[in-house]
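A.B. asks:
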Amino acid sequence: MSFTETFTHFYNHVKASLADGTFAKLTMAKTIGNTDLMNIYVRPIVDEGILKLELKYKFQQEEVIEIHTIDAARDKLVTYINNPFLSAILFTTEFDLTYKLNKKRAVSITEKANTFGNASEVLLEYLNQ
Numbered sequence: 547m548s549f550t551e552t553f554t555h556f557y558n559h560v561k562a563s564l565a566d567g568t569f570a571k572l573t574m575a576k577t578i579g580n581t582d583l584m585n586i587y588v589r590p591i592v593d594e595g596i597l598k599l600e601l602k603y604k605f606q607q608e609e610v611i612e613i614h615t616i617d618a619a620r621d622k623l624v625t626y627i628n629n630p631f632l633s634a635i636l637f638t639t640e641f642d643l644t645y646k647l648n649k650k651r652a653v654s655i656t657e658k659a660n661t662f663g664n665a666s667e668v669l670l671e672y673l674n675q
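Structure, rendered in structure tokens:
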């Protein structure tokens, strides 16, 4: 399977957690080497009454924010898998899901106990409209 296919499988969990109100946050981390882009933090926002995702790019010297639809955010994020990020972590109120590439670039998706007890407030307000 390609990184695009495996990341899409992972991202389906992101979409499900947004739909059921359990999404807390998504973080892309563990860069290859010393890169200017250190992390991407993803959180839900409501833009013109539509649930979208804010992508905050954390560079060594600055932060850049982009707003995308949920599907467009996947298309944007998948381009950073393996260049420069080796992992993405979905935090939900039910579990944490880690997408990880090892040194041989084999993909693993593992589930752990949840880190966060509360979902994103923006998401909960949007779902309860």
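For the sequence shown, the working numbering gives the first residue as 547, with consecutive numbering after it. C-beta: ideal position from N, C-alpha, C; glycine also.
#1: Alpha carbon to alpha carbon, how far is Ala634 from Phe556? Give it in angstroms, no decimals.
#2: Would you say Thr489 and Ala665 are within 9 Å of each other, going by their C-beta atoms?
#3: Please state whether the Cβ-Cβ distance between Ile616 and Glu600 is less than 9 Å.
#4: Identify, in the order they occur along the chain, each residue of the same chain with its Cβ nearer than 7 Å to the Cβ of Gln606, setting aside the five sequence neighbours on each side.
#5: Quick one, are the C-beta atoms of Ile578 and Asn648 less than 9 Å apart?
#6: Could you give the distance in angstroms between the alpha-carbon of Thr644 and the alpha-carbon of Gln675?
#7: Is the CB-CB distance between Val560 and Leu673 below 9 Å?
C.D. replies: In short:
#1: As a working mapping, residue 556 is identified with position 10 in the sequence shown. As a working mapping, residue 634 is identified with position 88 in the sequence shown. When rounded, the distance between both Cα atoms is 9 Å.
#2: Because the chain is modelled from 547 through 675, residue 489 falls outside the range shown and cannot be assessed.
#3: The residue labelled residue 616 in the question sits at position 70 within the sequence shown. The residue labelled residue 600 in the question sits at position 54 within the sequence shown. No, they are not a contact pair.
#4: The residue labelled residue 606 in the question sits at position 60 within the sequence shown. Same-chain partners within the cutoff: Asp582 and Met584.
#5: Residue mapping note: residue 578 aligns to position 32 of the sequence shown, counting from 1. Residue mapping note: residue 648 aligns to position 102 of the sequence shown, counting from 1. Not a contact, by the Cβ cut-off of 9 Å.
#6: Indexing the sequence shown from 1 puts residue 644 at position 98. Indexing the sequence shown from 1 puts residue 675 at position 129. Rounded to the nearest angstrom, the two C-alpha atoms are 31 Å apart.
#7: For the purposes of this step, residue 560 is taken as residue 14 along the sequence shown, with counting starting at 1. For the purposes of this step, residue 673 is taken as residue 127 along the sequence shown, with counting starting at 1. Contact: no.
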